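Numbering (the UniProt record's numbering), first residue to last: 1 to 59.
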């Protein structure tokens with residue numbers, strides 16, 4: 001997925017594959033897009049391009 005805000009690329013070509021019962025930690029400095037990724041995965045925001053698949057369902 002890619003996220004663009006005000007012509008600025010916030011996230012570029014992010015690919016995640018998380019298996020059932022797997023725990024994942026997203027680490028990084030302030031402003032790197034951690035919260036944006038979680039908002040998109042949670043359905044509170046949309047990506048500019050790409051798809052999110054959850055249990056074989058496209059959102």
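Glycine residues also receive a C-beta, built at the ideal position from the N, C-alpha and C atoms. The structure presented is a predicted model; accordingly, all values stated were derived computationally and were not measured.
Three-way DSSP call (helix, strand, coil) for residue i in this model
{"i": "residue 17", "result": "coil"}
{"i": "residue 37", "result": "helix"}
Proximity to residue i [Cα-Cα], best of the options
{"i": "residue 31", "options": "11, 22, 55 and 7", "result": "11"}
{"i": "residue 4", "options": "23, 25, 40 and 55", "result": "40"}
{"i": "residue 1", "options": "44, 35 and 16", "result": "16"}
{"i": "residue 8", "options": "53, 22, 33 and 18", "result": "33"}
Buried versus exposed, by CB contacts within 10 Å (16 or more), residue i
{"i": "residue 20", "result": "exposed"}
{"i": "residue 26", "result": "exposed"}
{"i": "residue 36", "result": "buried"}
Chain C within 8 Å of residue i, Cβ atoms only
{"i": "residue 50", "result": "No chain C is part of this structure, which consists of one protein chain only."}
Continuous beta strand (DSSP E) stretch holding residue i: start and end
{"i": "residue 4", "result": "3 to 5"}
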